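Enquirer: Listed in order, the protein sequences are those of chains A and B.
Be aware that the first sequence starts at 0, since it is given in numbering that gives the first Met the number 0, and climbs by one per residue.
Be aware that the second sequence starts at 0, since it is given in numbering that gives the first Met the number 0, and climbs by one per residue.
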Amino acid sequence: MTLSEVTSISGEAGNFEVEVLKKPRYVDMNKCIACGACVEKCPKKVDNDYNAGLNKRKAIYVEYDQAVPLKFAIDAENCIKLTKGKCGLCEKTCPTGAINYDDKPETVKLNVGSVVLAPGFKAFDPSVFDTYQYTKFPNVVTALEFERLLSASGPTLGHLVKQSKDHEEPKKVAFFQCIGSRDINRCDNGYCSSVCCMYAIKEAVIAKEHSGGDLDCAIFYMDMRTHGKDFERYYEKAKDDGVRFVRSRVHTINPVPETNDLEVRYVDDQGKIQTEVFNMIVLSVGLEIDGSTIELAKTLNIELTPGNFAQTGTFTPVQTSRKGIVASGAFLGPRDIPQSMVDASAAAGVAGEGLAPVRGTMLKEVQTTPERDVFGEAPRIGVFVCHCGINIGGVVDVPSVAEYAKTLPFVEYTADNMFSCSQDTQDKMTQIIKEQNLNRIVVAACTPKTHEPLFQETLMAAGLNKYMFEMVNIRNQDSWVHKESPEKATEKAMDLVRMGVAKVALQNPLAEAQLQVGQTAMIVGGGLSGMAAAETLALQGYETHIIEKSDRLGGNALKLYKTPKGEVIGDKVAELVESINSNDKIKVHLNTTIENVDGFVGNFKARLKENGEEAFLDHGIAVMATGGKAYTPDEYMYGNDPRVLTTLEMDEKMKSDDSLVKDADCAVFIQCVGSREPERPYCSRVCCTHSVDNALELKRRKPDMNVFILYRDIRTYGEKEYLYKEARDAGVIFVRYDLENKPKVSVDNGNLKIVVKDHVLNRDLEIEPDVISLATAIVPNTVNDLAQFYKLPMNDDGFFIEAHAKLGPSEFATDGVFLAGIAHYPKPIEEAIAQGKAAASRAITLLARKEIFTSGQVAKVDPVLCSSCGICVNVCPYSAPSFKTEGPFAGKAEINPVLCKGCGLCVASCRSGAIHHNGFDNDQIFSQIFAVNA
Amino acid sequence: MSKELVGSAMVVGGGITGMQTALDLADAGYYVYLVEKKPSIGGVMAQLDKTFPTNDCAM
């Protein structure tokens with residue numbers, strides 16, 4: 000439902016009534032074919048929001064070429080017809096009569112069981128700051144504008160130019176961090192926006208790539224916050240690539256007379272005033288919640304935090320203050336893409352928790368057409384050539400290509416369509432396939448990557464096997480790249496169509512292996528993320544087993560004291576353990592290890608050792624929540640003096656109010672112990688917040704205690720920044736040190752002594768603490784055997800590698816295996832729990848299907864030709880081939896179609912020519928090659 | 000619960016988060032209404048050029 004807004008929600012969890020206001024689009028979505036004719040005629044130009052206002056669009060528009068739905072809309076505020084009653088050009092131009100100026104707003108009432116709020120954020124508007132003169136100087140741009148300038152789909156097609164009238168390429172670009180973040184003097188956003196440090200580094204790196212390397216990029220920052228997975232490495236690499244990092248908040252920008260350049264004045268590390276001239280300045284604007292979202296929250300009676308984000312509990316990270324309404328994404332706090340994806344799945348998991356009894360009741364059965372048996376029929380090929388509006392038709396002579404296709408062998412029918420993908424064309428194609436009795440189809444259009452499934456559906460609707468199809472890409476591989484020579488492009492389109500026809504003529508119907516998904520889940524690890532996953536799976540109705548190697552549930556959380564929000568962790572963990580133990584869908588296996596795993600998605604079989612006894616567990620899916628532990632330091636006299644503690648030991652002492660802490664008059668926290676070091680080049684993410692919180696607690700217990708935090712960058716991201724400010728206000732002293740100049744701990748006359756170089760005073764500072772807390776790195780547990788059983792990759796630091804760094808953080812590339820908690824990367828409680836729920840949600844999408852179909856395009860062995868050499872067994876990355884152990888062809892290779900991904904490695908390696916690739920068989924490939932020269 | 004359970008959910012916001020939530024819920028067997036105030040879904044990520052650390056195209 001686009002152009003729609005929620006206006007009210009009544010009722011309660013499980014059964015809400017929601018009112019949605021649907022605003023008029025003024026374009027009939029069923030008729031619009033997105034040909035773009037209206038845009039050419041529309042006389043009204045408007046700032047283009049998509050390109051951050053850097054260029055213009057028309058009053059009738061689509062946001063961008065890949066927009067979904069790809070249907071035009073009229074911007075009622077700017078349309079001349081709708082504002083002044085004149086014009087009407089788009090209506091006259093539209094070939095399908097889709098324009099409707101009388102379209103009216105409409106309120107719809109919907110009944111839903113759960114509501115998820117994902118309203119997102121808006122970029123901070125720096126116009127309010129006179130310091131940075133954003134509105135005055137064209138070469139001061141926001142990071143979002145800079146992003147569009149770097150983008151190939153942006154206003155300059157990715158060519159980085161200054162925004163002053165000269166439009167020259169910049170030679171020096173400065174980035175200013177924390178614009179609209181960590182600032183309560185000039186805006187109200189006291190929180191850290193979490194993502195700006197990384198996006199600034201990325202933009203600097205990409206800008207240097209675009210400009211061939213001689214571009215100078217300098218990032219002016221307060222603390223460099225690269226606390227995400229692999230971010231620290233990216234930061235280090237950016238330094239190596241020549242991006243300059245300057246620790247300073249710039250106070251003045253002055254224009255350089257007679258030029259479009261800008262002079263930057265700042266105070267450097269040594270307290271000296273510096274000036275430097277730049278061609279462009281990028282403001283790394285923060286994230287904030289839009290006013291309309293704050294209004295929505297008020298209407299829905301949802302509590303917000305001081306930063307206007309949704310209020311949630313540490314142990315219920317996506318649950319808002321109103322039951323049945325959950326939140327996800329940036330509404331939960333400023334965050335990056337992977338974290339948003341974790342929240343998204345977690346929110347889906349939690350939203351479904353209360354609805355399991357009515358799962359599937361609102362779904363409609365898809366009508367299927369029985370497949371026609373074409374065995375023994377001669378090929379009857381239909382060729383459909385697409386204009387794709389002017390995308391193809393503007394270059395290639397599409398009707399001639401269709402006409403030409405008629406002359407090819409076995410082709411019985413050809414046609415050309417304006418947009419083959421539009422619904423009415425699809426219906427027409429279905430009808431033609433039936434009427435003409437076609438049994439193989441070629442569509443010459445755009446890319447199979449996006450459109451093959453759509454056309455395959457059309458085939459199935461017409462009763463054909465979906466593999467009796469070939470898509471020929473005459474757009475990306477032809478009209479787009481040969482714009483300058485339309486005649487040759489038309490010739491090439493004919494060649495490509497001829498190849499497609501030759502291949503499809505040899506195509507046979509393929510069957511897809513169907514497989515049952517075992518409805519049992521196995522979770523490895525009984526820490527917070529594992530328990531969170533189990534809770535969601537069980538509440539959604541699935542039998543769940545938790546495998547825990549120790550003798551109790553709870554994991555690292557058992558050692559923690561309290562959360563920054565003040566929740567006592569021990570109590571919360573006990574509640575969660577109790578709810579797990581009392582859930583009859585969850586079976587907990589303590590003192591249990593996994594000895595071996597066989598099988599594949601939907602059908603795994605684990606051999607367990609439970610309390611020393613062998614046991615077996617069949618499971619459809621598995622979640623890796625194997626966690627991590629604190630690094631054991633050998634620096635800072637740890638192990639040599641009982642007053643030097645790790646953070647976890649400090650938590651224990653605080654819990655028990657130990658005299659070491661109670662009687663202390665001076666405490667020192669040392670950050671980055673074992674993290675951000677050459678041997679462990681990652682940030683452990685939680686330690687800054689943890690130390691700051693513990694420091695505050697010490698100050699609360701004993702306000703006149705001297706508390707120091709020795710740090711490299713304080714990384715209290717998001718609203719954790721408030722704690723940092725509170726700690727400074729409470730008198731906690733923060734002293735920065737460098738990796739090259741680490742603090743030195745010694746014992747002098749029985750007293751602990753720390754020497755650290757203070758960068759403000761530029762001299763050594765001596766502290767005599769009574770207790771030292773080392774913020775030790777988090778290292779993953781060693782799980783090489785599990786990684787091997789399920790074929791899961793790990794990075795150099797020993798953390799698991801997820802399916803996709805951005806879009807698939809809670810699952811593996813291996814089907815049926817999911818990932819949560821510290822095994823993925825160090826993270827605080829709320830993120831570990833969210834990821835547990837996310838992994839469960841991702842798993843449920845698989846379990847709910849009950850049976851899955853794998854691709855028909857897989858490799859197949861002809862056992863008569865197989866020489867049992869074993870090359871296919873060795874070469875396959877997915878372990879699909881194996882030797883038959885019984886039957887007439889025992890000893891010959893066979894390929895499990897479920898595990899085969901159709902990569903073709905074995906086909907190419909087979910020395911006996913015994914392996915065929917269904918859908919890409921040798922004779923098909925050769926027929927295409929011969930057709931090139933035909 | 001006083002009223003009958005309804006097997007559907009509403010997701011407000013069609014950025015990456017909203018889209019992923021909607022997909023997960025739909026794949027889990029619930030009917031989903033995805034509500035977006037703009038004419039098309041996609042949100043801010045569609046405006047981004049590349050994403051770190053892999054420098055993949057955001058679109």
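We treat Cβ as the ideally placed atom computed from N, Cα and C, and that holds for glycine.
Bear in mind that the values here come from a model prediction, so they are computed numbers and not experimental data.
What's the gap between the Cα of A:ILE200 and the Cα of A:HIS803?
Expert: So the two alpha carbons sit approximately 21 Å from each other.
Enquirer: Using only alpha-carbon positions, find the residue among A:PHE925, A:SER926 and A:GLY903 that is nearest to A:HIS915.
Expert: Comparing Cα-Cα distances from A:HIS915 to each of A:PHE925, A:SER926 and A:GLY903, the minimum goes to A:GLY903.
Enquirer: Sort out for me which residues DSSP pairs A:LEU303 with in a bridge.
Expert: According to DSSP, A:LEU303 bridges with A:ALA309.
Enquirer: Round the Cβ separation of A:TYR133 and A:LEU2 to the nearest angstrom and send it over; I've been treating them as touching at under 8 Å.
Expert: About 30 Å; that fails the 8 Å criterion.
Enquirer: Helix, strand or coil: which one does DSSP assign to A:GLY10?
Expert: Three-state DSSP puts A:GLY10 in a strand.
Enquirer: Just by C-beta distance, which residues in the segment 353-380 of chain A are closer than 8 Å to chain B?
Expert: From the segment 353-380 of chain A, only GLY353, LEU354, PRO356, VAL357, ARG358, GLY359, THR360, MET361 and LEU362 have a Cβ closer than 8 Å to chain B.
Enquirer: So, is A:PHE136 buried or exposed, given that buried needs 16 or more other C-beta atoms within 10 angstroms?
Expert: With 16 or more Cβ atoms within 10 Å of its Cβ, A:PHE136 is classed as buried.
Enquirer: Could you tell me whether the segment 536-550 of chain A touches the segment 644-660 of chain A, using the rule of 3 or more Cβ pairs below 8 Å?
Expert: Touching, no.
Enquirer: Would A:ALA537 pass as an interface residue toward chain C - the criterion being a Cβ-Cβ separation below 9 Å?
Expert: Given the protein chain composition of this structure (A and B), no chain C is represented.
Enquirer: Give the residues of chain B in contact with A:ILE843, contact being defined as C-beta atoms less than 9 Å apart.
Expert: Correct list: ASP23, ASP26, ALA27 and GLY28.
Enquirer: Name the two residues that bound the continuous alpha helix (DSSP H) containing A:ASP342.
Expert: Looking at the DSSP string, the run of the alpha helix (DSSP H) that includes A:ASP342 is 336-352.
Enquirer: Which stretch, first to last residue, makes up the beta strand (DSSP E) that contains A:ASN253?
Expert: Residues 251-254.
Enquirer: Does any residue of chain B have a CB that is nearer than 9 Å to the CB of A:ALA343?
Expert: A:ALA343 counts as touching chain B.
Enquirer: Let me confirm a value: A:ALA892 is counted as buried when at least 16 other C-beta atoms fall within 10 Å, else exposed. Which label applies?
Expert: That one is buried.
Enquirer: Which residues mark the beginning and the end of the beta strand (DSSP E) in which A:MET279 is found?
Expert: Counting along the chain, the beta strand (DSSP E) containing A:MET279 begins and ends at 279-284.
Enquirer: Can you name the residues of chain B whose CB is closer than 7 Å to the CB of A:SER3?
Expert: VAL34, GLU35 and LYS36, listed in chain order.
Enquirer: Going by DSSP in three states, A:MET521 sits in which element: helix, strand or coil?
Expert: The answer is strand: DSSP assigns A:MET521 an E or B state.
Enquirer: Provide the residue span of the beta strand (DSSP E) that contains A:HIS166, from first to last.
Expert: Run containing A:HIS166: none; DSSP gives neither H nor E here.
Enquirer: Are any of the Cβ atoms in chain B nearer than 9 Å to that of A:ARG762?
Expert: It does not: the Cβ of A:ARG762 has no partner Cβ on chain B nearer than 9 Å.
Enquirer: Applying a beta-carbon distance threshold of less than 7 Å, which residues of chain B neighbour A:TYR49?
Expert: The answer, in chain order, is GLN46.
Enquirer: Determine which residues of the segment 20-38 of chain A have a Cβ less than 7 Å from any Cβ of chain B, and write them out in chain order.
Expert: The residues in question are ARG24.
Enquirer: Taking CB distances under 9 Å as the criterion, tell me whether B:ALA8 reaches chain A.
Expert: By this cut-off, B:ALA8 is an interface position.
Enquirer: Among A:TYR403, A:ASN595, A:MET221 and A:VAL111, which has the Cα closest to the Cα of A:ARG248?
Expert: Checked all of A:TYR403, A:ASN595, A:MET221 and A:VAL111; the closest Cα to A:ARG248 is A:MET221.
Enquirer: Return no unless some Cβ of chain B is closer than 9 Å to the Cβ of A:VAL245.
Expert: So, not an interface residue.
Enquirer: In this structure, does DSSP put A:ALA501 in helix, strand or coil?
Expert: DSSP places A:ALA501 in helix when its eight states are reduced to three.
Enquirer: I'd like the span of the beta strand (DSSP E) that includes A:CYS177, first residue to last.
Expert: Looking at the DSSP string, the run of the beta strand (DSSP E) that includes A:CYS177 is 171-178.
Enquirer: With DSSP as the reference, label A:PHE454 as helix, strand or coil.
Expert: A:PHE454: helix per DSSP, three-state reduction.
Enquirer: Between the beta-carbon of A:VAL500 and the beta-carbon of A:PRO398, is there less than 9 Å?
Expert: It is not a contact, given that the beta carbons lie outside the stated cut-off.
Enquirer: Taking A:VAL857 as the reference, which of A:LEU864, A:PHE919, A:GLU202 and A:VAL770 has the closest Cα?
Expert: That would be A:PHE919, whose Cα lies nearest to the Cα of A:VAL857.
Enquirer: What in chain B is Cβ-close to A:ALA66, meaning under 7 Å?
Expert: Per Cβ cutoff of 7 Å: SER39 and GLY41.
Enquirer: Can at least three beta-carbon pairs, one atom from the segment 789-797 of chain A and one from the segment 529-540 of chain A, be found at a separation below 8 Å?
Expert: Segments in contact, no.
Enquirer: Are the C-beta atoms of A:ILE301 and some chain B residue less than 9 Å apart?
Expert: Output row for A:ILE301: interface = no.
Enquirer: Which value, in whole angstroms, describes the spacing of the CA atoms of B:SER1 and A:PHE15?
Expert: For B:SER1, the predicted model reports a pLDDT of 49, less than 50, meaning its position is unreliable; a value from the coordinates is still stated below. Their backbone Cα atoms lie some 12 Å apart in a straight line.
Enquirer: Within the same chain, show all residues whose beta-carbon is closer than 7 Å to that of A:ALA624, passing over the 5 residues directly before and after it, in chain order.
Expert: Around A:ALA624: ILE522, VAL523, GLY524, GLY526, SER528, GLY529, ALA532, ALA819, GLY820, ALA822 and GLY835.
Enquirer: Using alpha carbons as the reference points, say which of A:GLY189, A:TYR100, A:LYS654 and A:ILE708 lies closest to A:TYR716.
Expert: The shortest C-alpha separation from A:TYR716 is found at A:GLY189.
Enquirer: Who are the neighbours of A:GLU62 on chain B, taking C-beta pairs under 8 Å?
Expert: In chain order: LYS37, PRO38, SER39, GLY41 and ALA45.
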